[in-house]
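Chains as they are written, first to last, in the working numbering: chain A, 1 to 148; chain B, 149 to 296. Ideal Cβ positions, reconstructed from N, Cα and C, are used throughout, including at glycine. Worksheet for the structure shown next.
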DNA sequence: GTAGTTGCAAAACCTTTGCACTAGG
DNA sequence: CCTAGTGCAAAGGTTTTGCAACTAC
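Rendered as structure tokens:
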């Protein structure tokens, strides 16, 4: 199941330790979530109670360097981590201003803008789009409030 | 010159203090830049040497709440602040992977994507796009290296 | 006059680092 | 074995907070 991640670690001469396996397992079991280092630490502690948070940070940093994991900031004063699906058209994120849910958006639509910039001399290798507003559930509640 | 910001403060029952004026002045004089709280603090200290960094943080937080200033994180472990131009189609940012320059991009091109999401029940109130790659200068150097 | 604001220092938070110990290859 | 990796605790960097003094209105 983790064969490919094991192989990436081995190919780069990194050891496949129980801690690294446990962190990869948590990330794999929570695809679609966007966890902080502390949340990952709490998950991993369930199976590896001895683990230290420094190991979590060091492992996440390694996985980011190996482009296995993507690290991003949602302006909360800490970082969130998720599996990197690998191609340059990484999915976008929608954040609900009301309930705080983070929803992944697969549609792209940025080729046109990137084309314009490349004509202007830029070389675009990646992008990261955040959309803010109300998710369908909160938007519905706003339009049809039960009380008041 | 700051009349409008004074008015926004007054309208919301906040006092117009010399510290707040100085911070707004620094932000106004550095449009197009993206300063950290500490950089703003160092600028403001030139005219108001007695100011404390806590005041800078509290003022920036206030200005963000009043939607005068936009706060964002470029994944450096700290936040950057800039005047909020106000409409929902806030400009995008390009970050050069080589020289680190941050360039503002005015083109939008996100209406199509937002339209799709709104059809799906979302209400989009803002967005934030980061583009990563090489700026024209670094891209040129990469293509025509002087040495080697 | 008084509630809002400031400056200072301490605290809170997230993240990194030094070091002795451990264990994967 | 031997070096990379770990856990712990301490340190580092940014941001927030408590509080007494101050000041805009």
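Of all the alpha helix (DSSP H) runs that stay within the bounds of the region 161-195 of chain B, which reach a length of 4 or more residues? 166-177, 185-195
By the 10 Å Cβ neighbour count, where 16 or more other Cβ atoms means buried, how is residue 247/B classified, buried or exposed? Burial is judged here by how many other beta carbons sit within 10 angstroms of a residue's own beta carbon; residue 247/B has fewer than 16 and is exposed.
Grab me the residues of residue 195/B's own chain with a C-beta within less than 7 Å of its C-beta, minus the 5 sequence neighbours each way, in chain order. 170
For residue 89/B, tell me which candidate among 125/A, 51/A, 80/A has the shortest Cα-Cα distance. Chain B is shown from 149 up to 296; residue 89/B falls before or after that span and cannot be answered.
Under 7 Å between beta-carbons, which chain B residues line up against residue 99/A? List them in chain order, please. Contact annotation for residue 99/A against chain B: no contact, minimum CB-CB distance about 13 Å [criterion: below 7 Å].
By DSSP's criteria, residue 218/B is part of a beta bridge. Which residues make up the other side? 230/B
Do residue 56/A and residue 70/A have their C-beta atoms closer together than 7 Å? No, these two residues do not count as a Cβ contact at 7 Å.
What is the DSSP secondary structure of residue 205/B, counted as helix, strand or coil? helix
Got a sec, what are the start and stop residues for the alpha helix (DSSP H) residue 261/B sits in? 259-267
Could you spell out the range, first to last residue, of the beta strand (DSSP E) harbouring residue 348/B? Lying outside 149 to 296, the shown extent of chain B, residue 348/B is not represented and no answer is given.
Would residue 129/A pass as an interface residue toward chain B - the criterion being a Cβ-Cβ separation below 7 Å? yes
Measure the alpha-carbon distance for residue 132/A versus residue 267/B and round it to whole angstroms. The straight-line gap from Cα to Cα measures roughly 16 Å.
Just reading off the alpha helix (DSSP H) that residue 286/B is part of, what are its end residues? Annotation for residue 286/B: the continuous alpha helix (DSSP H) segment containing it runs 284-291.
Go ahead and label residue 137/A buried or exposed: buried means 16 or more other beta carbons lie within 10 angstroms of its beta carbon, across all protein chains shown. Exposed, by the Cβ-count rule.
Once the 5 residues before and after residue 277/B are set aside, which same chain residues still bring their CB inside 6 Å of it? 240
Classification of residue 26/A by the beta-carbon crowding that lies within 10 angstroms, buried from 16 upward: buried
Whole angstroms is fine: what's the gap from residue 149/B's alpha carbon to residue 141/A's? The predicted position of residue 149/B is uncertain, since its pLDDT is 47 and thus under 50; no value can be drawn from it.
I'd like the list of long-range same chain contacts for residue 249/B, defined as Cβ closer than 7 Å, with 5 residues on each side in sequence excluded. 283
Can you tell me whether residue 127/A is buried or exposed, with buried defined as 16 or more other CB within 10 angstroms of its CB? buried
Which residue from 83/A, 15/A, 11/A puts its Cα closest to that of residue 33/A? 83/A
For a contact meaning CB atoms closer than 7 Å, what does residue 68/A contact in chain B? None at all; the shortest Cβ gap to chain B is about 17 Å.
Going by other Cβ atoms of all chains shown within 10 Å of its Cβ, with 16 needed for buried, is residue 20/A buried or exposed? Sixteen is the threshold: when 16 or more other Cβ atoms of the shown chains lie within 10 Å of the Cβ of residue 20/A, as they do, the residue is buried.
Roughly how many angstroms lie between the CA atoms of residue 202/B and residue 186/B, to the nearest whole one? 10 Å
Does the beta carbon of residue 284/B come closer than 7 Å to any beta carbon on chain A? yes
With DSSP collapsed to three states, give me the class of residue 156/B. helix
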